[in-house]
Amino acid sequence: MNTYIEQEDEQTSTLKFCINEERRVVTVKDLVIAGWAGRNPAAIEHHIQELAALGVARPRNIPSFYRLSASLLTTDRQLDFVGNDSSGEVECVLVSLSDGMYVGVGSDHTDRKVEAYGVTVSKQMCPKPIGRNLWKLDALLDHWDRLVLRSWVTRNGERMLYQEGSVTGLLHPLDLMRRFNEQDHLQPGTVMFCGTLPVKGQIGGGELFEIELEDPVLNRHLKHQYSARTLAYAD
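Residue numbers for the sequence shown follow our numbering, so the first one is 272 and each next one is one higher.
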């Protein structure tokens with residue numbers, strides 16, 4: 272029994288968030304990545320074709336839910352990745368705390384080469400960056416579809432818009448949670464990445480990735496960025 276508890280604790284992640292200018296220390300026990308989480312079947316098919324070009328097999332279930340180690344979560348701004356085959360993608364992130372559900376912005380950074388072998392394995396190989404600031408989900412529900420996601424990648428010194436679009440392209444968070452656990456909330460200590468938008472051009476990484484969630488109704492933004500250092504293969 273003691274051994275089991277000790278192993279479980281090793282898989283948690285302790286993060287510092289900011290909510291309404293208040294600092295919160297949060298222990299995350301479970302990390303879930305929602306994939307193929309679009310509302311529009313045509314858009315889902317477009318993303319499937321994007322990844323098929325990289326050798327990624329079609330998903331068995333739509334949406335799919337990938338359970339990963341919570342220790343992958345990080346708010347760091349400098350991250351290391353093996354090789355040049357990984358890339359990020361901006362996502363809304365649901366964070367369940369003891370006093371309710373919150374929303375952040377994160378990047379489901381994934382090794383695209385390994386993704387052709389197995390999606391879950393590829394996602395487990397990379398840290399999952401998330402911004403420090405969170406918004407209360409309840410404050411967004413009456414205008415959720417007005418939110419906008421964006422990302423920029425800097426590649427070889429050139430900054431370019433990588434993704435941009437309304438969250439209407441993705442399942443509403445309440446719908447997504449109901450499909451996951453048949454409830455309109457997650458268990459406290461759970462973080463869920465909510466799916467991404469198509470990229471502008473080809474999928475690819477770079478030395479810097481910037482992500483943003485805009486709330487035009489309340490005139491506010493959630494932003495985060497991280498640099499990607501490439502670690503060379505030793506074999």
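Glycine included, every Cβ here is placed at the ideal spot set by N, Cα and C.
Coarse secondary structure for residue i, derived from DSSP in three states
i, result
"residue 342", "helix"
"residue 438", "helix"
"residue 273", "Unreliable placement is indicated for residue 273, whose pLDDT of 31 sits below 50; the coordinate value is still reported in the next sentence. Three-state DSSP puts residue 273 in a helix."
"residue 396", "coil"
"residue 418", "coil"
"residue 453", "coil"
"residue 386", "helix"
"residue 370", "coil"
"residue 410", "helix"
"residue 486", "strand"
"residue 468", "coil"
"residue 498", "strand"
Proximal residues to residue i (C-beta, below 8 Å), its chain only, five neighbours per side dropped
i, result
"residue 285", "296, 297, 298 and 299"
"residue 343", "284, 302, 395, 397, 398 and 399"
"residue 355", "476 and 501"
"residue 287", "294, 295, 296, 297, 346 and 403"
"residue 492", "483, 484, 485 and 486"
"residue 289", "295, 403, 404 and 405"
"residue 218", "No information on residue 218 is available, as it lies outside the stretch 272 to 506 that the chain covers here."
Own chain, CB closer than 6 Å to residue i, minus 5 neighbours either side, in chain order
i, result
"residue 320", "none"
"residue 496", "481"
"residue 391", "337"
"residue 494", "483"
"residue 330", "307"
Whole-Å CB distance - residue i paired with residue j, under 8 Å assumed
i, j, result
"residue 367", "residue 381", "Contact doesn't hold; Cβ gap of about 23 Å is too wide."
"residue 352", "residue 461", "Not a contact, Cβ separation roughly 25 Å."
"residue 474", "residue 325", "7 Å"
"residue 447", "residue 305", "6 Å"
"residue 401", "residue 371", "Between residue 371 and residue 401 the Cβ distance is about 18 Å, and since that is not below 8 Å, they are no contact."
"residue 364", "residue 414", "Their Cβ separation, rounded to whole angstroms, is 18 Å, which puts residue 364 and residue 414 out of contact at 8 Å."
"residue 369", "residue 459", "5 Å"
"residue 311", "residue 440", "6 Å"
"residue 468", "residue 386", "Actually they are not in contact, since the Cβ atoms of residue 468 and residue 386 sit about 17 Å apart, beyond 8 Å."
Residues of its chain near residue i, where Cβ-Cβ distance is below 7 Å and the 5 sequence neighbours each way are ignored
i, result
"residue 291", "none"
"residue 272", "Note that residue 272 has pLDDT 33, beneath the 50 cutoff, so the model's placement of it is unreliable and the number below is only indicative. Cβ within range, chain order: n/a, list empty."
"residue 282", "340, 341 and 342"
"residue 333", "307 and 315"
"residue 449", "455"
"residue 407", "371 and 373"
Any beta strand (DSSP E) of 3 or more consecutive residues that is wholly inside the stretch 275-356: 284-290, 293-299, 301-306, 335-339 and 349-353
Stretch pair the stretch 412-428 + the stretch 479-499: three plus CB contacts closer than 8 Å: yes
Three or more C-beta pairs below 8 Å linking the stretch 311-329 and the stretch 360-375: no
contact_flag[the stretch 431-451, the stretch 401-420] where n(CB pairs < 8 Å) is 3 or more: yes
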